[in-house]
Amino acid sequence: MSNKYENNLNLHTPIIRQYLSIKKKYPDFVLFFRMGDFYELFYKDAITVSDILKIVLTNRGYSAGKKVPMAGIPVHTAERYWKKLLNLGKSIAVCEQVKNKLSCKNKLINREVIQVITPGTVVEDFFLNNDVDNILAAVYKNENKFGYSYVDISSGDFYVSEHENLESFLSELYRTNPVELLCSDNFKDINTIKTNNTLIEYRSIAEFELESAYRQLILHFNTQNLEGFGLKKDHLGLGSAGCLLQYIKSVQKILLRNILSIKINVPKKYILLDKVSRIHLELTKNVLGGYKNTLSYVLNRCTTSMGVRMLKRWIHAPIRDIKIIKNRQNSIKELQEKYIELKFIFRKISDLERICSRVVTLKANPIDIIKIKLTLLEFIKIKKVLVKIKGENIKRIVKRLGNNKEIISLLNSSINPDSPMSIKNGNVIAKGYNRKLDHLRNISKNSLSVIQKFETLEKKILKIDSLKVGFNRIIGYYIQINKKYKKLIPEKYIKIQTLKLYNRYTTLELKKFEKEIISSKFKSLELENYLYYKLLEKLNFYIPFLKISAKAIAELDVLSNLAERAVKLKYVCPYLTNKTEIRLNDSRHPVIESILTHSFVPNSVNLSRKNRMLIITGPNMGGKSTYMRQIGLIVIMAWIGSFVPAKTAVIGNIDQIFTRIGSSDDLSGGKSSFMVEMIETANILNNATSNSLVLIDEIGRGTSINDGLALAWSVSLYLVKYIQSITLFSTHYFELTKLEKKNKNIKNVYLSTVEYDGKISFLYKLEQGFINKSYGILVAVLSGFPIKVIDLANAKLKEIKIKKKITFRLFLKKYFNISSLSFIFKKIKGIKKIFFKNF
1 MSNKYENNLN LHTPIIRQYL SIKKKYPDFV LFFRMGDFYE LFYKDAITVS
51 DILKIVLTNR GYSAGKKVPM AGIPVHTAER YWKKLLNLGK SIAVCEQVKN
101 KLSCKNKLIN REVIQVITPG TVVEDFFLNN DVDNILAAVY KNENKFGYSY
151 VDISSGDFYV SEHENLESFL SELYRTNPVE LLCSDNFKDI NTIKTNNTLI
201 EYRSIAEFEL ESAYRQLILH FNTQNLEGFG LKKDHLGLGS AGCLLQYIKS
251 VQKILLRNIL SIKINVPKKY ILLDKVSRIH LELTKNVLGG YKNTLSYVLN
301 RCTTSMGVRM LKRWIHAPIR DIKIIKNRQN SIKELQEKYI ELKFIFRKIS
351 DLERICSRVV TLKANPIDII KIKLTLLEFI KIKKVLVKIK GENIKRIVKR
401 LGNNKEIISL LNSSINPDSP MSIKNGNVIA KGYNRKLDHL RNISKNSLSV
451 IQKFETLEKK ILKIDSLKVG FNRIIGYYIQ INKKYKKLIP EKYIKIQTLK
501 LYNRYTTLEL KKFEKEIISS KFKSLELENY LYYKLLEKLN FYIPFLKISA
551 KAIAELDVLS NLAERAVKLK YVCPYLTNKT EIRLNDSRHP VIESILTHSF
601 VPNSVNLSRK NRMLIITGPN MGGKSTYMRQ IGLIVIMAWI GSFVPAKTAV
651 IGNIDQIFTR IGSSDDLSGG KSSFMVEMIE TANILNNATS NSLVLIDEIG
701 RGTSINDGLA LAWSVSLYLV KYIQSITLFS THYFELTKLE KKNKNIKNVY
751 LSTVEYDGKI SFLYKLEQGF INKSYGILVA VLSGFPIKVI DLANAKLKEI
801 KIKKKITFRL FLKKYFNISS LSFIFKKIKG IKKIFFKNF
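Here the sequence shown is numbered in this note's numbering, starting from 1 and rising by one per residue.
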């Protein structure tokens with residue numbers, strides 16, 4: 001619809017005029033406009049949503065001389081559709097009919113937006129994925145530095161960080177993976193930071209102003225300053241944190257009391273991984289975007305949702321603090337005899353973290369409250385199971401479970417254990433909690449016996465045994481008498497309905513009683529509703545303690561889960577050191593090992609300051625990329641505290657992991673697969689350090705052989721000589737194996753194979769040395785190429801080899817007038833000596 005019609009509302013019908021005036025206030029939201037039993041969408045919203053949700057697109061006649069596109073969904077199924085939209089990164093405004101009052105101007109039902117739902121601000125369980133953090137984030141850029149903040153409203157976790165460069169910020173962005181990201185309207189790097197289904201919200205630059213943000217945070221946390229959180233006024237993350245807080249309040253319309261503190265994230269505290277490395281290593285998502293056959297898929301046997309989310313956070317943020325990791329390792333050892341008992345208890349524990357958020361936003365239902373009580377009772381059993389464990393880390397975690405007698409007592413006395421899901425129909429507040437409520441309930445409860453007494457008395461007075469007192473919703477309570485007793489009806493009886501054989505009557509006494517019953521039911525529900533929300537407010541006092549307990553349970557679940565994985569999968573505890581080294585004896589790929597029906601072929605690795613680079617040769621499908629990935633995954637596992645798949649493991653303190661594996665293009669970004677490869681390699685060369693682990697699987701295969709070889713050669717030399725990173729470099733360029741003789745920090749290895757009778761078998765065993773065969777045609781045979789194609793390829797290969805020999809001989813005769821090769825080899829050696837001297 002053109003702006004002409006949007007701006008001139010007078011051209012429209014009254015209902016469309018009302019819609020457009022409301023839509024103008026929520027231009028970036030999908031507006032669900034209540035009309036009777038349906039939510040209707042108009043114009044662009046209707047077209048977009050009908051396509052996304054596969055609902056019928058129709059029209060609502062004409063307005064301002066043009067057809068009005070329209071789509072609708074039933075009110076009772078709306079949440080199902082909203083969830084789909086939220087998952088696709090859309091925000092929603094829900095416009096309801098307000099109290100059926102009529103607008104004076106148009107005699108229209110008044111409508112107002114009563115709820116705004118965005119991907120990052122929902123707390124309702126129905127909209128959330130239990131196994132994934134639901135992150136709302138904001139970024140503020142000042143020159144070339146970045147301030148980044150994120151919050152999970154469903155748990156109350158609030159973090160802030162500042163980053164010296166774009167790469168550091170991007171690592172944090174992809175680690176946290178927000179569903180909704182706020183950035184200033186002058187942000188220039190938006191194309192760099194876009195991620196799948198992340199809703200980008202533009203906010204005014206004024207909302208990121210540091211001084212205003214500082215005041216907002218002080219007001220929220222009710223402190224004189226932010227020094228208690230370690231934050232100074234010039235911390236760049238404050239701007240983004242202030243914008244976040246302001247946005248949440250504007251959407252939720254309430255004070256978020258579950259955001260109790262703000263913590264500083266220090267990027268150097270973690271092993272940094274860029275977006276590419278997270279994808280290549282398939283940490284929590286495989287290359288197809290699914291969960292199966294990822295590191296998380298193998299490691300996760302957590303029982304609680306809180307534990308699942310925490311384990312994923314650990315996997316995406318391996319921590320470099322040896323003390324923390326050793327505490328985790330010791331706890332895993334201690335829990336290896338306790339994890340079975342704990343698992344049975346954890347099954348009865350609810351998602352306390354998210355229930356707390358629903359309590360403070362007053363969106364918790366009665367079942368949520370019952371779950372709090374049942375969860376706290378399970379804490380008592382956990383303490384009994386762990387009472388004899390001596391490790392300080394486990395003792396600290398158990399202490400954080402707290403003493404919950406007071407809150408259990410409150411919930412026992414206040415909530416009916418058989419409560420329904422909703423407070424609307426009552427029967428939620430326990431008997432004995434409130435005297436007035438008990439009295440009102442008794443009136444309703446005793447109404448049956450009172451009616452029976454009234455009926456018995458009337459039968460006796462009128463001497464009509466068939467007299468009956470009944471009730472229906474239309475006429476209320478009535479006295480039913482057969483028409484044949486018409487002469488016995490007293491004057492006080494008022495006829496209210498005539499049937500074929502019966503007349504129905506009421507009396508002033510019966511009407512008064514009816515009014516008391518109806519009134520008591522209404523007052524009972526009203527009082528119960530009031531008491532329930534007062535109870536939620538009381539529970540707010542306990543939220544800080546419950547949140548601490550929730551984190552403790554999540555950590556216990558993760559540690560006992562890793563204990564179970566260590567036992568079942570035969571993992572060993574790695575020795576961690578601050579040196580830059582990786583020494584693994586008979587290591588295995590944790591994911592591929594779990595898929596195979598036969599045993600995995602283990603391989604070792606020895607990388608250190610003296611032995612910095614392995615150049616890996618061998619055929620495609622021979623296991624080169626598997627070997628490299630398993631080293632990267634084992635390093636990550638070690639630095640989250642997990643035991644690892646190896647016989648023995650010594651793993652140093654790595655600062656970053658970079659990968660360049662596989663080939664893909666970026667058509668939407670206008671990049672070929674070779675350009676993507678070059679960009680990924682450039683990122684490594686510009687950001688890796690001597691403490692980084694670099695995994696490169698092929699460079700230069702997307703261009704000519706000569707260019708590709710030159711690039712692979714120069715990249716490998718630059719990594720080992722200037723950056724001095726720990727590097728695994730696989731290649732099909734056999735010439736690179738000669739670098740071993742030129743640099744003592746380089747070693748050649750290869751994945752062994754056996755060739756017999758025109759067939760190839762992969763042994764997947766790493767050997768010292770190199771192999772000068774790629775076995776491309778034999779691999780094609782294994783993949784199912786037609787025999788005719790294989791025959792043609794073999795014939796062409798022979799032709800190429802013969803041509804090369806002839807060309808080389810002609811070259812020698814023409815330029816050197818010799819048939820011997822010795823002279824030319826001496827010349828080539830001389831050129832190489834000059835090259836390496838200059839390098």
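For every residue, glycine included, the Cβ atom is placed at its ideal position computed from N, Cα and C.
Open item on the list: According to DSSP, simplified to helix, strand and coil, what is LEU763?
Closed with: strand
TODO: Starting from ILE726, follow the beta strand (DSSP E) in both directions and report where the run begins and ends.
DONE: 726 to 730
Task: Beta bridge counterpart(s) of SER587 as assigned by DSSP - done: ASN603
Open item on the list: Could you check whether the stretch 523 to 534 touches the stretch 412 to 429, counting it as contact only if at least three pairs of C-beta atoms, one from each stretch, sit closer than 8 Å?
Closed with: yes
- [ ] Quick one: measure Cβ to Cβ for ASP125 and ARG354, integer angstroms, because I've assumed they're closer than 8 Å.
- [x] 7 Å
- [ ] Let me know the secondary structure DSSP gives ALA46 once reduced to three states.
- [x] helix
TODO: Keeping to the same chain, check which residues put their C-beta closer than 8 Å to that of ILE345; ignore five residues upstream and five downstream.
DONE: GLU378, LYS381, ILE382 and VAL385
TODO: In angstroms with no decimal places, state the Cα-to-Cα distance between ASP51 and HIS163.
DONE: 40 Å
Open item on the list: On the DSSP bridge list, what partners appear for MET35?
Closed with: PHE38
Open item on the list: Using 8 Å for Cβ pairs, my map puts ASN144 next to ASN165. What's the rounded Cβ distance?
Closed with: 7 Å
- [ ] Reducing DSSP to helix, strand and coil, say where PRO366 ends up.
- [x] helix
TODO: Rounded to whole angstroms, what's the CA-CA distance from LEU295 to LEU342? Just pull it up for me.
DONE: 23 Å
Task: ILE16 - DSSP class collapsed to helix/strand/coil - done: helix
TODO: Could you tell me the distance, in whole angstroms, from the CA atom of LEU136 to the CA atom of ALA241?
DONE: 11 Å
TODO: Return the chain-ordered ranges of every alpha helix (DSSP H) run that is complete within the stretch 379 to 437 and spans a minimum of 4 residues.
DONE: 392 to 399 and 405 to 414
TODO: Could you please give me the residues that DSSP links to CYS95 through a beta bridge?
DONE: PHE33 and VAL113
TODO: To the nearest angstrom, report how far apart ASN8 and GLU79 are at their CA atoms.
DONE: 33 Å
Open item on the list: What does the alpha-carbon distance come out to for the pair SER21 and LEU31?
Closed with: 12 Å
Open item on the list: Please classify GLN18 as buried or exposed, where buried requires at least 16 neighbouring CB atoms within 10 angstroms.
Closed with: buried
TODO: Examine the ligand COA and report whether any of its heavy atoms sits within less than 6 Å of the Cβ of LEU9.
DONE: The model depicted lacks the ligand COA and carries no ligand whatsoever.
Open item on the list: How far does the alpha helix (DSSP H) with ALA317 in it extend, from its first residue to its last?
Closed with: From DSSP, ALA317 is part of no alpha helix (DSSP H); its letter is neither H nor E.
Task: TYR202 versus SER171, VAL398, GLU227 and TYR140, residue with shortest Cα-Cα distance - done: TYR140
TODO: Leaving out five residues on either side along the sequence, give the residues of the same chain with a beta carbon under 7 Å from the beta carbon of ALA46.
DONE: LEU57, PRO69, MET70 and ALA71
Open item on the list: Considering only their Cβ atoms, is the gap separating THR681 from ILE661 smaller than 7 Å?
Closed with: no
Open item on the list: So, with DSSP's three-state summary, where would you put CYS183?
Closed with: strand
Open item on the list: Buried or exposed, going by whether 16 or more other CB atoms sit within 10 Å of the CB of LYS511?
Closed with: exposed
- [ ] Given a cut-off of 7 Å, decide if LEU695 and MET628 are closer than it, judged by their beta-carbon atoms.
- [x] yes
Open item on the list: For LEU667 and TYR533, I'd like the C-alpha separation in whole angstroms.
Closed with: Because the pLDDT of LEU667 is 43, which lies under 50, any placement of that residue in the model is unreliable, and the question is left without a value.
- [ ] Report the option in ASP131, THR48 and PHE33 whose CA atom is closest to the CA atom of VAL113.
- [x] PHE33
TODO: Identify the continuous alpha helix (DSSP H) that holds ASN87 and give its terminal residues.
DONE: 78 to 87
Open item on the list: Within a Cβ cutoff of 7 Å, which residues of the same chain sit near PRO74, ignoring the five residues on either side of it in sequence?
Closed with: ASP37 and PHE38
Open item on the list: Here's the rule: buried if 16 or more other CB atoms are within 10 angstroms of the residue's CB, otherwise exposed. What is LEU584?
Closed with: buried
Task: HIS163 (DSSP reduced to helix, strand or coil) - done: strand
- [ ] Take the Cβ of THR689 as the centre, count every other Cβ of all protein chains shown within 10 Å, and call the residue buried at 16 or more, exposed below.
- [x] exposed
Task: Residues near LYS521 by beta carbon distance below 6 Å, same chain, minus five either side - done: SER444
Task: Local Cβ density within 10 Å of GLU207, reported as buried at 16 or more and exposed below that - done: buried
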